[in-house]
Amino acid sequence: MAEKHGKDRKSVLLRLNSDMWNDIAAWAEDEFRSINGQIEYILSEAIKQHKKATKNISTDSSKRNEESDVENQK
């Protein structure tokens, strides 16, 4: 993953409560990742899901607009 981002990686300060930190640490250990790597993975997956959902919403909206246009032309 480091090569994918290269020199454009940004550092951020992230505050988490102890329970969340412990959950992420356990999850990271289960998947043989560092805690930082696990957080990056979680964020990456969330972004993919968001983009997919946003794409589907805009596609559905476009279809409804096209159907509405066809109905209005009748």
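For the record, in the sequence shown the residue sitting at position 52 is 52 according to the UniProt record's numbering, with numbers rising by one throughout.
Note that CB positions come from ideal geometry on N, CA and C, so glycine has one too.
4 or more residues per run - each alpha helix (DSSP H) lying fully within the segment 1–61: Listed in chain order, the complete alpha helix (DSSP H) runs (minimum 4 residues) inside the segment 1–61 are 2–5, 18–30.
Rounded C-alpha distance that separates Ala2 from Leu13: Residue confidence is low: Ala2 scores 46 on pLDDT, short of 50, so the model does not pin down where it sits. Its coordinate-derived value is still stated next. Note on geometry: alpha-carbon atoms of Ala2 and Leu13 lie some 19 Å from one another.
Reference Ala26; option with closest CA among Leu16, Arg15, Gln38, Asn17: When each option's Cα is compared against that of Ala26, the closest is Gln38.
Residues near Thr54 in its chain [Cβ-Cβ closer than 6 Å; skip 5 each side]: If you ignore the 5 residues before and after Thr54, its C-beta comes within less than 6 Å of no other C-beta in its own chain.
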